[in-house]
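**Student:** Start counting the sequence shown at 11; every next residue gets the next number (the numbering used here).
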Amino acid sequence: MSSQSKQIIVLGAGMVGTSAALALQARDYDVALIDRAAPGSETSYGNAGVIQGEAREPYALPRDIATLWGIAFKQDNAVDWDVRGLLKAAPTLLPYWYNSAPKRHRRISQVYSALVARANADHAALIAASGSEALIRREGYRLIFRDAAAFDKMAGKAESWETIYGINFTIEDGKALAAAEPALRQRLAGAIHWHDAWTCSDPGGLVRAYAALFRKQGGDEIRADILGLESGSGWRVRTSVGTFDAQQVVVALGPWSPQLLEPLGYRVPMIRKRGYHMHFTPGGALPNIPMIDAEVSAVYAPMRAGLRICTGADLSIERGEAMPRQLRRAHAAASELLDLGEPVEASAWRGERPCMPDMLPVVGAAAQHTGLWFDFGHGHQGFTLGPTTGALLAGLVAGDPDPIVSRLALSRSVKDL
Numbered sequence: 011m012s013s014q015s016k017q018i019i020v021l022g023a024g025m026v027g028t029s030a031a032l033a034l035q036a037r038d039y040d041v042a043l044i045d046r047a048a049p050g051s052e053t054s055y056g057n058a059g060v061i062q063g064e065a066r067e068p069y070a071l072p073r074d075i076a077t078l079w080g081i082a083f084k085q086d087n088a089v090d091w092d093v094r095g096l097l098k099a100a101p102t103l104l105p106y107w108y109n110s111a112p113k114r115h116r117r118i119s120q121v122y123s124a125l126v127a128r129a130n131a132d133h134a135a136l137i138a139a140s141g142s143e144a145l146i147r148r149e150g151y152r153l154i155f156r157d158a159a160a161f162d163k164m165a166g167k168a169e170s171w172e173t174i175y176g177i178n179f180t181i182e183d184g185k186a187l188a189a190a191e192p193a194l195r196q197r198l199a200g201a202i203h204w205h206d207a208w209t210c211s212d213p214g215g216l217v218r219a220y221a222a223l224f225r226k227q228g229g230d231e232i233r234a235d236i237l238g239l240e241s242g243s244g245w246r247v248r249t250s251v252g253t254f255d256a257q258q259v260v261v262a263l264g265p266w267s268p269q270l271l272e273p274l275g276y277r278v279p280m281i282r283k284r285g286y287h288m289h290f291t292p293g294g295a296l297p298n299i300p301m302i303d304a305e306v307s308a309v310y311a312p313m314r315a316g317l318r319i320c321t322g323a324d325l326s327i328e329r330g331e332a333m334p335r336q337l338r339r340a341h342a343a344a345s346e347l348l349d350l351g352e353p354v355e356a357s358a359w360r361g362e363r364p365c366m367p368d369m370l371p372v373v374g375a376a377a378q379h380t381g382l383w384f385d386f387g388h389g390h391q392g393f394t395l396g397p398t399t400g401a402l403l404a405g406l407v408a409g410d411p412d413p414i415v416s417r418l419a420l421s422r423s424v425k426d427l
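(1) Just list the alpha helix (DSSP H) runs in the segment 367 to 421, keeping only unbroken ones of 4 residues or longer that don't cross its boundaries, in chain order.
(2) Whole angstroms are fine: how far does the CA of Thr321 sit from the CA of Pro68?
(3) Using DSSP with H/G/I as helix, E/B as strand and the rest coil, what is Glu346?
(4) Which word fits Ile177, buried or exposed, when buried means at least 16 other C-beta atoms lie within 10 angstroms of its C-beta?
(5) Confirm, please, whether the CB-CB distance from Asp385 to Ala201 is below 8 Å.
(6) Looking at C-alpha atoms only, which residue of His379, Gly27, Asp92 is the closest neighbour of Phe393?
(7) In terms of residues, what are the limits of the alpha helix (DSSP H) holding Leu187?
(8) Verify whether the separation of the beta carbon atoms of Met366 and Val372 is less than 8 Å.
(9) Between which residues of its own chain and Arg128 is the CB-CB distance below 6 Å, once the five residues before and five after are set aside?
(10) To the nearest angstrom, how far is it from the Cα of Asp412 to the Cα of Arg66?
(11) Here's the rule: buried if 16 or more other CB atoms are within 10 angstroms of the residue's CB, otherwise exposed. What is Lys167?
(12) Quick one: grab the DSSP three-state call for Asp235.
(13) Within a Cβ cutoff of 6 Å, which residues of the same chain sit near Leu216, ignoring the five residues on either side of it in sequence?
(14) Terminal residues of the continuous alpha helix (DSSP H) containing Thr173?
(15) Going by C-alpha distance, which of Leu348, Tyr151, Leu194 is nearest Thr180?
(16) Leu296 lies in the alpha helix (DSSP H); which residues open and close that run?
(17) Distance check for Leu194 and Ala295, CA to CA, integer angstroms please.
(18) Quick test of the definition: if touching needs 3 or more C-beta pairs under 8 Å, does the segment 224 to 237 touch the segment 39 to 47?
(19) Measure the alpha-carbon distance for Asn173 versus Asp349 and round it to whole angstroms.
(20) Looking at C-alpha atoms only, which residue of Ala160, Phe224, Thr253, Pro364 is the closest neighbour of Leu237?
(21) Are the CB atoms of Ile61 and His133 nearer to each other than 8 Å?
(22) Where does Lys283 fall in DSSP's three states?
(23) To the nearest angstrom, how far is it from the Cα of Leu370 to the Cα of Leu418?
(24) Out of Val278, Leu274, Asp255, state which residue places its alpha-carbon closest to the alpha-carbon of Gly264.
(25) In terms of residue numbering, what span does the alpha helix (DSSP H) encompassing Arg117 cover?
(26) In terms of residue numbering, what span does the alpha helix (DSSP H) encompassing Ile81 cover?
(27) Just to confirm, is the Cβ distance from Leu34 to Ala139 under 8 Å?
(28) Locate the alpha helix (DSSP H) running through Ala99, then write down its first and last residues.
(29) Distance, Cα to Cα, Arg147 vs Ile81?
(30) Quick check: what's the CA-CA separation for Ala358 versus Gln391?
(31) State the beta-bridge partners of Phe179 as determined by DSSP.
Here it is as structure tokens:
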């Protein structure tokens, strides 16, 4: 049994929390992992299953008039909204807008790119150790275009990213795309095949495999609702099945982190971007690799459960529709290109991306409490960056910090990046 100072509780069993628990185990900590649900069954379950090694810049809030016009009049499927939702999100959307200005976004992207650059390698170690190779393909994904002008514009941007970040891609014209993806029923303008991304046929299954590795290595997994967090000589976690004590605790609860931390005096300015997916049985051939349909901001990803259609960001108040507007549009667009069968589920899955206004995750020590650590706010890339931020956090806890961690503290300022 480890000494009391080496005992630590991780709250949250998604990709981020499970990866942090494994990284702490690798540093010889005695780790308990607590969540209300099974590992990988919430936000980490519902994503597009892409480890985005090519995504060297975070998603900026659009600032050009044409895009904003399309969003305002609900012509652009990337974002949905309603007045109540915008008013609720306004205190965090405004700094998000500010940080999306080109100069500030470039500064943020330097830090973000350094994280993403190591994501594939950090996943590779856990994929191998957990025996998860069958879930992973290292063949990238395609960003497909119906409009030639949009295709040409993105091809130019890809070439600039190749120069800046060294990412690998292939520009495919309509003929090359049709040859590579015979399942497509229409000739399109073309595609950009991003080669540095890895894809997963069961995102929740990958997290479950990582969690099984954690248990195999002696980790303690506890299924319980987390009711509160109290500090004293150490930390006490109140749950629906009792209390658990440790000298240190990691908050890795994604979109639920701010609620837990507010009573301790921490205000976390998080934007919660809701996303949806549904699976459809294949009516014919599936895409060879996942596709993002640029025109409707939707992902078409072959999964074990069927073809998963994923949507962009919804900032509206939850309405509980079986198939929300963005998903209806995405399904209609997918049906033009692919031979889809029936929906697998009766209603859409929904989950929330925990986004910070400066688009960087929060990784580091709490400013006002000893032994309290943060690992949340990964936005669209929790599935990609979970192992990376877990390793960074574990190094910090163990007194062996990577210099980049200072740029991920909750108290950071973009001008200091």
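Even for Gly, the Cβ is constructed at its ideal location relative to N, Cα and C. Model, not experiment: these values are computed from the prediction.
**Tutor:** Well, looking at it:
(1) Fully enclosed alpha helix (DSSP H) runs of 4 or longer: 392 to 407.
(2) 17 Å
(3) helix
(4) buried
(5) At least 8 Å separates the beta-carbon of Ala201 from that of Asp385.
(6) Gly27
(7) 184 to 190
(8) Cβ atoms of Met366 and Val372: closer than 8 Å.
(9) Around Arg128: Thr398.
(10) 19 Å
(11) Per the 10 Å Cβ criterion, exposed.
(12) coil
(13) Ser142, Leu145, Cys210
(14) 158 to 175
(15) Tyr151
(16) Where Leu296 is concerned, there is no enclosing alpha helix (DSSP H), given that its DSSP letter is neither H nor E.
(17) 9 Å
(18) yes
(19) The sequence given here places Thr at residue 173; Asn does not occur at that position. The alpha-carbon atoms of Thr173 and Asp349 are separated by roughly 38 Å.
(20) Thr253
(21) Yes. Within cutoff.
(22) strand
(23) 7 Å
(24) Val278
(25) 112 to 126
(26) Residues 75 to 82.
(27) Against a cut-off of 8 Å, the Cβ pair of Ala139 and Leu34 comes out as no contact.
(28) 93 to 109
(29) Cα to Cα, the separation comes out at about 34 Å.
(30) Ala358 and Gln391: Cα-Cα distance of roughly 21 Å.
(31) Trp204
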